[in-house]
Each structure stands twice: as structure tokens, then as C-alpha cells.
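Remarks on the structure that follows.
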Amino acid sequence: DEYGIEYEDKVEQFVIEEVVKEAEIKRSYKEIQKELGQTGIEYLKTIERKRREIELGPHPISQEEFLRLTKAYASSQKGYILDHISIDHVVSHILDACEQMTLISSHKFENERMFLFSGTNLDTIYLLTVVVKEKDRLIQVLFKGYSNKKEALDKFLNACADLVEYTTMVMS
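No gaps in the numbering here: position 168 of the sequence shown is 837 in the working numbering, and each next residue is one more.
Right under this line is the structure:
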């Protein structure tokens, strides 16, 4: 596609079943702005802080190894709904937020995109599945993270999800 991503046609069924859950109620731009701060400088500081929370090195593994590890590692998930934004716009922010991680594979369905990422920080391995789905003119963004260290997982997952949400809302 226009981002240089090669999408695969087939994917293990359990991945999709694992990641999908009800997303949170969509939040307004004003609610996001309140979290980010009132000025452009405050926005940038918050976004940079979130980026630092997910500074990872690449962790290249096969898709088969990714799927095997998701069954063994602790997991956590987060999702939200965005309005008045295109699926391609959200995808570009996902790829930007996860650029330091290895993109294991990506899959494109009719109104849905799915990405599998992996990364490492010292001895902590992180796996991330992100699904973006358009339904009823709303964009559902679903994140499911896995790690060999449960105590670090929620912070990582929240940083990824928040960074994508913040940059998507601010730059739309």
C-alpha cells in the first residue's frame, strides 16, 4: 500500500479472536486535550514522554514464533473508538508509534487492518497486536500486548495506545 506495507492474506484465527474486545467509549477532543495540556509545548512534552516509555530495540522473530509466544506470555489489552478519522490516518500513526519495533506481519481485510510487532528492552520482550477496524463510520483501535515480564506490560501497552490516540487526535 502507500506506506510500503505488504499485507498477508492468511492469519491464524486465534489472533483475531484474542485481540477483539469491546472498545471504550470514544472520547472527545476536549478530553484528550485535557490529558495532553493546554499548549502546543505541553502536547509535545506529553507525546515525547509516551514515546520514551516505549523505546524498544527491534526483536525480529517469525510469525509462527510470535503466535507461539502469545500463548506463553502474560497479556493485557486496551481499545478505544475514534470518530471523524480515516482508517489510513490511524494506520500511519500506529506505524509511527511502533517504528522502533519489528513489524512481524500485517494483514489487510475489507474494513480492517492488523499488525504484529515485537520489541525488546534489556531482558524484557514485548509483543503487540494492533487491530484497526472501521464499523458504522467509527474507527475501533484495539491493542493487545504480551510480555515475558508481566509487571512492565500495562505501562508499555498504555503508552502505545495513548501515543497513537494522542497523535491521531492532535494531528487530524
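Glycine included, every Cβ here is placed at the ideal spot set by N, Cα and C.
- Annotation for E781: no alpha helix (DSSP H) segment contains it, though the beta strand (DSSP E) segment containing it runs E781 to N790.
- Closest by C-alpha distance to L772, out of F778, E781 and V760, is V760.
- In the pairwise beta carbon analysis, the segment 821-831 is classified as touching the segment 742-761: at least three pairs are separated by under 8 Å.
- Counted as a single uninterrupted DSSP element, the alpha helix (DSSP H) harbouring Q732 occupies residues Q732 to A741.
- A straight line joining the alpha-carbon of F825 with that of Y815 spans about 10 Å.
- Around the Cβ of K819, a 10 Å sphere holds fewer than 16 other Cβ atoms; the residue is exposed.
- In the DSSP annotation of this structure, the continuous segment of the beta strand (DSSP E) that includes S775 starts and ends at T771 to F778.
- For D805, the three-state secondary structure derived from DSSP is coil.
- Secondary structure of K819 (DSSP, three-state): helix.
- Within the same chain, I756, K802, E803 and K804 come within 8 Å of N780 by CB-CB distance, once the 5 residues on both sides are set aside.
- Between the C-alpha atoms of T836 and L796 there is a straight-line separation of about 21 Å.
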